[in-house]
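Q: This is the structure, below, for whatever I ask next.
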Amino acid sequence: MDVSRREFVTFCAAVGAALALPARVVAEALASPDKPAIIPLSFQACGGNSPSFKSALDLFAQAKGPTIALVEGSIPTKPSYCLVDGRPALDVAREVCGSAVATIALGNCASFGGLAAAHPNPTGAVGVAEAVPHAQNVINLPGCPANPENVTAVIVHYLTFGRWPDLDAQRRPLFAYGKLIHDACDRRAHYDAGQYVEQWGDDGHRAGYCLYKLGCKGPVTSHNCPNVRWNGGTSWTVAAGHPCLGCAEAKFWDAHSPFYEHLPGGVHASVDTIGAGAAGLVAAGVAVRGVVNAVRRMKAKDDADRD
Ligand code: SF4
Ligand code: F3S
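Residues 2 to 308 (our numbering) are what the sequence shown spells out, left to right.
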């Protein structure tokens with residue numbers, strides 16, 4: 002790989018930001034002689050994750066350590082779809098992932114079946130964990146695609162701490178999926194103030210208002226997009242003016258469509274009434290902030306009346 006020192010240091014800093022580690026520690030981990038060897042597998046995929054794992058492949062090209070599988074694409078469980086050298090993808094996945102010390106599922110398709118698994122799921126598409134139940138240490142990095150810094154961060158975590166990162170109930174690393182997008186969003190102050198974009202390109206859109214009414218799923222989606230961002234930290238979906246579609250969540254193609262309609266139940270009511278625990282925390286946070294703001298306004302009014 003032809004990478005300048007500056008690019009390498011910048012990349013290490015971004016990976017370190019995801020893990021809350023200094024760039025120096027990341028660089029040391031990537032220089033380790035015990036780096037795992039990577040076997041890339043691509044099944045029913047658009048190819049969008051390939052750039053996300055290219056940096057990991059390049060960095061681990063000469064590695065001789067234990068083998069990990071890096072998978073993009075969903076795995077069809079119905080016969081005759083996605084043959085690999087004449088073999089069903091399911092057989093290949095079971096052989097390779099079943100003997101690896103860990104499998105990293107890149108993107109929503111490899112994690113949960115993604116677009117191919119959306120209704121009516123003609124190929125019987127599933128993610129790796131479901132296709133290869135005996136695979137060890139399956140780590141899901143859903144997104145559309147997976148974030149490249151998070152891909153490398155998972156391996157750096159293993160090299161630095163000697164264990165794979167802690168996961169949530171969807172097998173997603175907590176360091177990257179432990180927080181709602183809504184809670185770190187650049188536009189959150191506008192959400193709290195009730196300032197929403199009503200139509201594409203309106204004055205609120207130009208002013209950077211909240212995209213909730215255009216269908217933003219940030220209140221029910223956990224991912225570190227607002228912090229790690231994309232394209233070397235350049236920007237991210239919401240900062241670019243587009244609502245989050247929730248691509249880091251299981252079954253988002255079915256569960257979050259129509260994409261450009263807001264969550265059911267009205268603007269604030271929807272967030273307040275969604276049953277998921279994470280969304281409940283959002284609602285609680287909004288409620289507390291609302292009370293604090295109201296108290297502040299009352300105090301300011303009292304002070305003004307006294308003056
Ligand atoms: Fe940001 Fe979307 Fe939440 Fe609005 S609804 S604050 S745009 S994450
Ligand atoms: Fe996906 Fe939303 Fe991030 S659409 S890339 S989880 S901002």
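Glycine included, C-beta positions come from ideal geometry on N, C-alpha and C.
#1: Restricting to runs no shorter than 4 residues, where is the alpha helix (DSSP H) found entirely within the region 212-239?
#2: Pop quiz: Q45 and P77 are said to be a contact at Cβ under 8 Å. What is the actual Cβ separation, rounded to whole angstroms?
#3: With V139 as the anchor, note down where its beta strand (DSSP E) starts and where it stops.
#4: For the ligand SF4, any of its heavy atoms closer than 7 Å to the Cβ of H257?
#5: Please list, following the chain, all residues that have a C-beta closer than 7 Å to any non-hydrogen atom of the ligand F3S.
#6: Given this structure, state the Cα-to-Cα distance separating V283 from D193, to the nearest angstrom.
#7: Measuring only from the beta carbon, is R188 closer than 7 Å to any heavy atom that is part of the ligand SF4?
#8: So does C211 have its beta carbon nearer than 7 Å to some heavy atom of the ligand SF4?
#9: In the DSSP assignment, find the unbroken alpha helix (DSSP H) run with E250 in it and report its ends.
#10: Can you tell me the Cβ-Cβ gap for I69 and A103, rounded? I've got them flagged as a contact below 8 Å.
#11: Identify the continuous alpha helix (DSSP H) that holds S100 and give its terminal residues.
#12: Report yes if the C-beta distance between W231 and N138 is below 8 Å; otherwise report no.
#13: From V10 to V4, what does the alpha carbon distance come to, in whole angstroms?
#14: Nearer than 7 Å: is that true of the beta carbon of Y192 relative to any heavy atom of the ligand FMN?
A: Taking the coordinates as given:
#1: 226-229
#2: 6 Å
#3: 139-142
#4: no
#5: G144, C145, I182, K218, G219, T222, H224, C226, W237, T238, V239, C245, L246, G247, C248, A249
#6: Its pLDDT being 42, under 50, V283 is placed unreliably in this model, and the coordinates cannot settle the point.
#7: yes
#8: yes
#9: That residue, E250, is in no alpha helix (DSSP H); it is neither H nor E in DSSP.
#10: 5 Å
#11: 90-100
#12: no
#13: 10 Å
#14: With respect to small molecules bound, the structure shown includes the ligand SF4 and the ligand F3S and not the ligand FMN.
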